[in-house]
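Using UniProt numbering, the letters of the first sequence map in sequence onto residues 1 to 374. Think of the CB as a built atom: it goes at the ideal place given N, C-alpha and C, for glycine as much as any other residue. All values derive from a computational prediction rather than experimental measurement. One structure is given here, and the rest of the page talks about it.
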Amino acid sequence: MASPAPTRKHADAADNRIAADLLGWYDANHRELPWRMPPRELAKGLRPDPYRVWLSEIMLQQTTVEAVKPYFRAFLEKWPDVSALASAETEDVMKAWAGLGYYSRARNLKLCAETVAALPGGQFPETEDGLRALPGIGPYTAAAIASIAFMRPAAVVDGNVERVVTRLFSISTPLPEAKPEIRAHVERMLAVARPGDFAQAMMDLGATICTPRRPRCMLCPLRADCSAIVNGDPELYPVKPPKADKPMRRGAAFVAVTPDGSVLLRKRLGKGLLGGMTEVPTTGWTSRIDGATDTDSAPFPAQWRRAGSINHVFTHFSLDLEVFRADVASRTALDGHFWSAADELNGEALPTVMKKVIEAAIPGAMKRAHQGKS
DNA sequence: GAGCCGTGGTT
DNA sequence: TAACCAAGGCT
């Protein structure tokens, strides 16, 4: 499948003006980000490291800049290039990703690194199509890497660009139906000479000025060309269909603790929810909690005592877990499970929901483990 | 196309 | 507070 042609189409005076105004604003107001090569460095002929661009783009999928920063630094420290990441243990990658969410990204990150490292030359492909063929790289990420790392005039369309463009042109067509129209506008405005900066400028504008709510239109470099400002309320765009409400799921979690603070854990298999991550033993997450029979489904018979409850909101459901704790004498072997020492807990591939569970059963456990490591 | 897939910040 | 939503991709 060929990507849309990376050529600039039918640009008129307004398109040229928008691109120029946007780049001028970016030169003076761009954010300094750990993975970004600023315009002043690009002007000296320096070029961004494609590995860092790729790593940051994967991490930034549906994830805020502030959440990504510490993970980006940690990954770069552990695995400074694609070859190092390709050689890493998948389990170590999952541990390093723990807490960032959307864990299929971490699995695909490792797969992608292995694929790239095995290519002749061991470097990232430089075209949208070549990038798009790699695991975890879709239309947006392929365009972003092609433009930012390889100076290709690709149409980068993410949530920021959708918001900026629908406001600029008062596009009332709801998403995702409006996507082709949005892409057409971006292809016209594209600054061919500085494709990477154009893409990042659109995203910076969307993140800092053209925000989802209460946009700072008075500070916007494009306000003179913005149709939504003239026609009405920029906040009305983009138009999106209503979201389905989240159902509630319930279950029980079982935290077994030894006198020295070791905790019984197990691995989640497959590619589904939290696939490849570590968890405390739990019941299924649709089962009813039924009073005295709660602990029938515990991993082993013991004096399970209720230690509290936690709630966690996933993308498409909300979860209430009753947390039970049993204090046991020793680290008894249990098939399919393993024990993690108190000072190792924070290094495990525990998703946030499981850190909440452990914290509920052993107040301060995750914090102590963290301090013990540092 | 639509459902699945985390988490934390903002309003 | 509940809703919204962030540099999306996969099936």
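How would you call Gly121, buried or exposed, if buried means at least 16 neighbouring beta carbons within 10 angstroms?
Here Gly121 is exposed: its Cβ has fewer than 16 other Cβ atoms, across all protein chains shown, within 10 Å.
Within the continuous alpha helix (DSSP H) that includes Arg31, where are the two ends?
No alpha helix (DSSP H) contains Arg31, which DSSP labels as neither H nor E.
Out of curiosity, what's the CA-to-CA distance linking Ala292 and Arg305?
Its pLDDT being 43, under 50, Ala292 is placed unreliably by the model, and the measurement read from it follows with that caveat. The C-alpha of Arg305 is placed about 11 Å away from the C-alpha of Ala292.
Go to Glu322, then tell me how far its alpha helix (DSSP H) extends in each direction, as first and last residue.
That residue, Glu322, is in no alpha helix (DSSP H); its beta strand (DSSP E) goes 318 to 327.
Ala184 (DSSP reduced to helix, strand or coil)
Secondary structure at Ala184: helix, using DSSP grouped into helix, strand and coil.
Out of Lys243, Met218, Leu60, point me to the one whose CA is closest to His316's CA.
Checking every option, the nearest Cα to that of His316 belongs to Lys243.
From the DSSP secondary-structure annotation, give me the bridge partner or partners of Gly308.
Note: Gly308 is bridge-paired with Val323 in the DSSP secondary-structure output.
What is the DSSP secondary structure of Phe198, counted as helix, strand or coil?
Secondary structure at Phe198: helix, using DSSP grouped into helix, strand and coil.
Helix, strand or coil: which one does DSSP assign to Met218?
Correct three-state label for Met218: helix.
Relative to the alpha-carbon of Leu264, which residue among Trp97, Gly130, Trp285, Asp327 has its alpha-carbon at the smallest distance?
Nearest C-alpha to Leu264: Asp327.
Output the residue ranges of the alpha helix (DSSP H) runs that lie fully inside the UniProt domain "HhH-GPD" (59 to 208) and measure 4 residues or longer, sorted by chain position.
Entirely contained in the UniProt domain "HhH-GPD" (59 to 208), the alpha helix (DSSP H) runs reaching 4 residues are, in chain order, 65 to 78, 82 to 87, 90 to 97, 104 to 118, 128 to 132, 139 to 150, 159 to 168, 179 to 189, 195 to 208.
Looking at the unbroken beta strand (DSSP E) that takes in Ser227, where does it start and where does it end?
Under the DSSP assignment, Ser227 falls outside any beta strand (DSSP E), being part of the alpha helix (DSSP H) whose first and last residues are 227 to 231.
Using only CA atoms, which one of Ala191, Pro247, Thr166, Asp343 lies nearest to Thr211?
Residue Thr166 is the option with its Cα nearest to Thr211.
Would you call the CB atoms of Asp204 and His30 closer than 8 Å?
Yes, they are a contact pair.
What would DSSP say about Arg40, mapped onto helix, strand or coil?
Here Arg40 sits in helix by DSSP.
Which of helix, strand or coil does DSSP assign to Ala19?
If DSSP states are grouped into helix, strand and coil, Ala19 belongs with the helices.
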